[in-house]
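Worksheet: one structure, shown below.
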Amino acid sequence: GITRHYRFDIRLQNVTHLCKTKSVITVNGKVPGPRIIAREGDRVIIRVVNHLNNNVSIHWHGIRQMGSQWADGPAYITQCPIQINNSYVYNYTIKGQRGTLFWHAHISWLRASLHGPIIILPRRKQSYPFPKPHKEATIMFGEWWNNDTEAVISEALESGGGPNVSDAYTFNGFPGPFYNSCSRAKGMADTYKLKVKPGKTYLLRLVNAALNDELFFSISNHTMTVVEADALYVKPFNTNILVIAPGQTTNVLLKTKTNPRHKTYLMAVRPYFTGSGTFDNTTAAAILEYEMPPSKSSSVIRNIISNNLPRLPSINDTSFVANFSQIFRSLNNAKFPAKVPKTVDKHFFFTVGLGTTPCPNNQTCQGPNNRTKFAATMNNISMALPTTALLQSHFFAQNAGVYNTNFPQFPLKMFNYTGTPPNNTNVMNATKVLVVPYNANVELILQDTSIISAESHPIHLHGYDFYVVGQGFGNFNPNKDPANYNLLDPVGRNTVGVPSGGWVALRFKADNPGVWFMHCHFEVHMSWGLRMAWLVLDGKLPNQKVPRPPADLPKC
Ligand code: C2O
């Protein structure tokens, strides 16, 4: 592979959408920020320079970082954040991965505007395991707030309630044509447009970078073929509607019509939401525009602009989401076999859900009765971030007072999903890691629980891809459910939606030593504590696999 150099200057920049100009945190002045493009086997070196008045850190979501653990990026997990007027060089080699991933800030909720695509092409002279597309396009879904984004964030963090809803979802930063009279008056200027030629195949790389919402996506009158998820190839399947959770990426082939009836068709996203509270219940749209050869474009009918939005499932259509997620299978061919652990060395069971803690004195809190503050937990632990990075503490054997190694392997308080929610969810605020031996085959059941209402949680694991060997609704049944596991060709992912009121079973081989964050990819749940860290032990000395930290590793 070759080495590719990037420079990310993080600074405030004025951005205008919905006729509103405001100062936004950007990388190199743009939202979404620059794309990283590389081939499998390449080294990527990114100098990140912080010109802000607050600390920052960047995570390369889905990159496994084998041998480059210090480049993963989550603040206080693998590194201290990059301080004001400082920089840090992220340096990693992309090993055994190809597909679409993305980078985003990993501190506070700065990823609201700090995100961009990572495109990993196959090695030179290697091809995709599907027909070569005529062209490729990346579409990142995000959000736009008319108010100051940082103010929205601090309000949500202080009140302990849900976030102020965004004013629009976006396609590559653009909210689309339907928001307010001002946007309409400006025509399509605030709208993302994808130009296509008739009768060709396009590869669309779709990324959900929204903070708190899973999204439905569809293109009017067009079918998509899903070929990849989270930078892992899947058995191709056709669908008109996709579900994509924050942290997930999906590659689809779009075959354009040979004789389109319209010049334009609409693409749309809107949320899938099962929780309680407020959320942005709007639909964002973008335009798929056919460029017809002159010989054909004289035909009147082909110049008709279709303003028909594609049909999308209703906002809380959990059965659609569950059915959709179960279609995914690993491609599992000779070249890309699914390497599912067939035996298990370590069984873990985590409850994943919301709970409450007492409201601090002198505060009004938005939990039940106004006297409690929302908390979110895994196995009843609401993770408190340390003030120094866990990986550093581990590497230099200075963990005393930073973290404990007794993260529970099973819930502290058993929870019957189908029963009455307990008043007391036994929330404990703590910094604990779960220790796993190097190369252990791990099985992890994630069980949704909630005292408010059942809610789906997109759980993301750093440093790994895992196989989703089973899923279901209600309580996981250890005597019955494992019999139905798919150990042959389950989908591999780095982010999985734990079904609302249900469970998923994951397997992976702990072959990447280091400290790896796992958390809900809804920022609001993550800041309520729905996060934990794995400590995967290193190979035996002198075959230690976590290298020494680079000299410019930020200090706390
Ligand atoms: Cu995409 Cu820990 O995050």
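Per the UniProt record's numbering, the very first residue in the sequence shown carries number 27; after that it's consecutive.
Each residue gets a CB set at the ideal place from its N, CA and C atoms; glycine is no exception.
Note that the structure is predicted; figures quoted are calculated from it, not measured.
### For S49, the first and last residue of its enclosing beta strand (DSSP E)
K46 to V53
### Task
Return the CA-CA distance between H288 and Y316, expressed in angstroms with no decimal places.
8 Å
#### Entry: Cα-Cα separation, A306 to M404
For clarity, residue 306 is Asp in the given sequence; the question names Ala instead. Their backbone Cα atoms lie some 26 Å apart in a straight line.
### Query
Alpha carbon to alpha carbon, what distance is there between G496 and Y142?
For clarity, residue 142 is Gly in the given sequence; the question names Tyr instead. Cα to Cα, G142 sits roughly 31 Å from G496.
### Task
In angstroms with no decimal places, state the Cα-to-Cα distance between I327 and P286.
Because the pLDDT at I327 is just 46, under 50, the model does not fix this residue reliably, and the value given afterwards should be weighed accordingly. Taking the straight line joining both Cα atoms gives about 9 Å.
### Query
Taking the C-alpha atoms as reference points, what is the distance between T251 and T431?
44 Å
### Message
I need the straight-line Cα distance from L241 to P201, nearest angstrom please.
### Response
14 Å
### Task
Could you tell me whether any non-hydrogen atom of the ligand C2O is closer than 7 Å to the CB of H31?
no
### Task
With DSSP collapsed to three states, give me the class of Q424.
coil
### Cβ shell of P272 (< 6 Å), same chain only, five flanking positions each side left out
N234, A236, P484 and H547
### Task
Kindly give me the distance between the Cβ atoms of E549 and W135, rounded to whole angstroms, as I take these residues to be in contact under 8 Å.
5 Å
### Query
Are there three or more Cβ pairs, one per stretch, closer than 8 Å when the segment 360-372 is compared with the segment 452-468?
yes
### Query
Can you pull every residue whose C-beta falls closer than 7 Å to some heavy atom of the ligand C2O, listed in chain order?
H85, H87, P100, H130, H132, G273, H486, H488, F543, H545 and H547
### Query
Can you tell me where the alpha helix (DSSP H) with V347 in it begins and where it stops?
T344 to S351
### Task
Kindly indicate which residue of P155, T119, Y116 and H132 has the alpha-carbon position closest to the one of I103.
H132
### Task
Kindly indicate which three-state DSSP category R287 falls into: helix, strand or coil?
coil
### Proximity to L335 [Cα-Cα], best of A312, I108, G59 and R33
A312
### Three-state secondary structure assigned by DSSP to L127
strand
### Task
Quick one: residues in its chain with C-beta nearer than 7 Å to the C-beta of K283, no 5 flanking neighbours on either side, listed in chain order?
P224
### Message
If you reduce the DSSP assignment to three classes, tell me which class F553 lands in.
### Response
In the sequence under discussion, the amino acid at residue 553 is Ser, which differs from the Phe named in the question. Note: S553 maps to helix in three-state DSSP.
### Query
Assuming V453 contacts N406 under a Cβ cut-off of 8 Å, what Cβ separation, rounded to an integer in Å, is found between them?
6 Å
### Query
CA-CA distance, F436 and T249?
43 Å
### Query
Looking only at C-alpha atoms, which of P159, L472, L127 and S553 sits nearest to V222?
P159
### Task
Output the boundary residues of the beta strand (DSSP E) element that contains Q39.
T29 to H43
### Task
Within its chain, find whatever has a CB closer than 8 Å to the CB of residue 630; leave out the 5 residues flanking it on each side and keep chain order.
One cannot answer for residue 630 here, as it falls past the ends of the chain, which runs 27 to 582.
### Query
What separation, rounded to the nearest whole angstrom, lies between the Cα atoms of W542 and T521?
14 Å
### Query
To which residues does DSSP link I146 through a beta bridge?
A64 and G125
### Task
Go ahead and label D491 buried or exposed: buried means 16 or more other beta carbons lie within 10 angstroms of its beta carbon, across all protein chains shown.
buried
#### Entry: Cβ neighbour criterion (16 or more within 10 Å) applied to Q95
buried
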